[in-house]
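J.:
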Amino acid sequence: MTVLPSVSIVVPAFNEETVITQCLEAIVRQTVAPVEVLVVDNRSTDATRTVVERFIAGHPDAGIRLLRQDDRQGLVPTRNLGMDAAIGDVLGRIDADTALKPDWVAQVSQVFASGEVDAASGPVEYYDLPLRAIGQQVDDAFRRLQVRLAGDFVFLFGSNMALRADAWRDVREFLCDDEDDVMHEDLDIAVHLALGGRRIVYSSQMVAAIGARRLDDRPRDFRRYIDRFENTYSAHDIGDVRLRAPMAVFLSVYPALHMHRRVQAQLRALRS
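Following the numbering used here, the numbering of the sequence shown begins with 989 at its first residue and continues without gaps.
Here you go:
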């Protein structure tokens, strides 16, 4: 009988009072419970910590802990504190606005059960866009296309990813610190894992829902987000044009979806 690996979930958080509750509610509804949930607050100035503490008090048996990373502002040190503190065989890493599907932990355990997988990511659906189910299928198709275009390099997506604890420990000291906050830290992890010969897979069964707030960015800000891909590759002297696939995909869909979000916001304003 195969013993499934235990799964920790790490959630970095900065000023997430409006979304962190739904994130935690989705976690406590898992069909297979994670061994622990670590919410790592990074100098939030809103009520994030209070909201999390209240949720923990209402779910004392859920294994949720609130950690604080007050040394430095930034996702990388906040992520590191949580991942370093986690005790699971597999370390799940999601965003504070991620709402996991009920079988996410079960699916992650299955993906890593063979011992042959070191990291994995899956598709997302956007819970604040219309046609969620269709959107998830489109997202899945896009991400599979990215893998094919990138020559089978599998990207890790910070909103929906997991990696073996031993794989994390192997690359931890080599990861870019990104003090200027100009890189994609999840892509940086994937690059280091790939360079170390670790196996990354894409699993269509690891489904999570996220908000589409990135699409609300102004074109200039969205371009900076896309530039993070190039900045990450440049930090590793990677010139393979195939790995620029996500940049092309995101730039192709942004204009239409950004306009849709603006129109929807205007309609809501008129109705209120």
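A virtual CB, placed ideally from N, CA and C, is assigned to each residue, including glycine.
Because the structure is a prediction, the values reported are computed rather than measured.
Just to confirm the assignment: which complete alpha helix (DSSP H) runs, minimum length 4, are found wholly within the segment 1106-1145?
T.: Listed in chain order, the complete alpha helix (DSSP H) runs (minimum 4 residues) inside the segment 1106-1145 are 1120-1137.
J.: Taking only the alpha-carbon atoms, compute the straight-line gap between PHE1043 and PRO1065 and give it to the nearest angstrom.
T.: PHE1043 and PRO1065: Cα-Cα distance of roughly 24 Å.
J.: Do VAL1189 and ALA1108 come within 8 Å of each other at the CB atom, strictly closer than that value?
T.: Yes, Cβ-Cβ distance for ALA1108 and VAL1189 is below 8 Å.
J.: Quick check: GLU1041 and SER996, are their CB atoms within less than 8 Å of each other?
T.: Against a cut-off of 8 Å, the Cβ pair of SER996 and GLU1041 comes out as no contact.
J.: For the putative contact between LEU1117 and LEU1144, defined by C-beta atoms under 8 Å, what is the C-beta separation to the nearest angstrom?
T.: Their Cβ separation, rounded to whole angstroms, is 23 Å, which puts LEU1117 and LEU1144 out of contact at 8 Å.
J.: Count the other C-beta atoms from every protein chain shown that fall within 10 angstroms of the C-beta of ASP1140, then say buried if there are 16 or more, exposed otherwise.
T.: Exposed, because fewer than 16 other Cβ atoms sit within 10 Å of the Cβ of ASP1140.
J.: Could you work out which residue in GLY1076, TRP1092 and HIS1047 is closest to SER1192 when comparing CA atoms only?
T.: Cα-wise, what sits closest to SER1192 is TRP1092.
J.: So, using beta-carbon positions, are LYS1089 and VAL1195 closer together than 8 Å?
T.: Going by C-beta atoms, LYS1089 is nearer than 8 Å to VAL1195.
J.: Within its chain, find whatever has a CB closer than 6 Å to the CB of VAL1251; leave out the 5 residues flanking it on each side and keep chain order.
T.: Same-chain partners within the cutoff: there are none.
J.: Hey, quick one: how far does the beta strand (DSSP E) through MET1149 stretch, first residue to last?
T.: Residues 1149-1152.
J.: Quick one: give me the first and last residue of the beta strand (DSSP E) that GLY1080 is part of.
T.: Its beta strand (DSSP E) spans residues 1078-1081.
J.: I believe ALA1138 touches GLY1076 by the beta-carbon criterion, under 8 Å. Please report the beta-carbon distance rounded to the nearest angstrom.
T.: Not quite, the Cβ-Cβ distance comes to about 28 Å (not below 8 Å), so this is no contact.
J.: State yes or no: is the beta carbon of ASP1169 nearer than 8 Å to at least one beta carbon in chain B?
T.: Of the protein chains in this structure there is only one, and it is not chain B.
J.: Rounded to the nearest angstrom, what separates TYR1242 and THR990 at their Cα positions?
T.: Going by the C-alpha atoms only, they are around 43 Å apart.
J.: By the 10 Å Cβ neighbour count, where 16 or more other Cβ atoms means buried, how is GLN1124 classified, buried or exposed?
T.: Buried is the call here.
J.: Checking 8 Å against the spacing of the C-beta atoms, do ILE1198 and VAL1112 come in under that value?
T.: It is a contact, given that the beta carbons lie within the stated cut-off.
J.: ALA1084 and ALA1014 - do their beta-carbons sit closer together than 8 Å?
T.: Contact flag unset, no.
J.: Can you tell me whether DSSP reads ILE1008 as helix, strand or coil?
T.: Helix at ILE1008.
J.: How is the alpha helix (DSSP H) around PRO1065 delimited, first residue to last?
T.: PRO1065 -> alpha helix (DSSP H) spans 1063-1073.
J.: Give me the residue from HIS1047, GLY1184, ARG1060 and THR1033 with the minimum Cα distance to GLU1004.
T.: When each option's Cα is compared against that of GLU1004, the closest is THR1033.
J.: Which whole-angstrom value is the C-beta distance of VAL1020 and SER1102, which I expect to be below 8 Å?
T.: Contact flag wrong, Cβ pair sits at about 17 Å.
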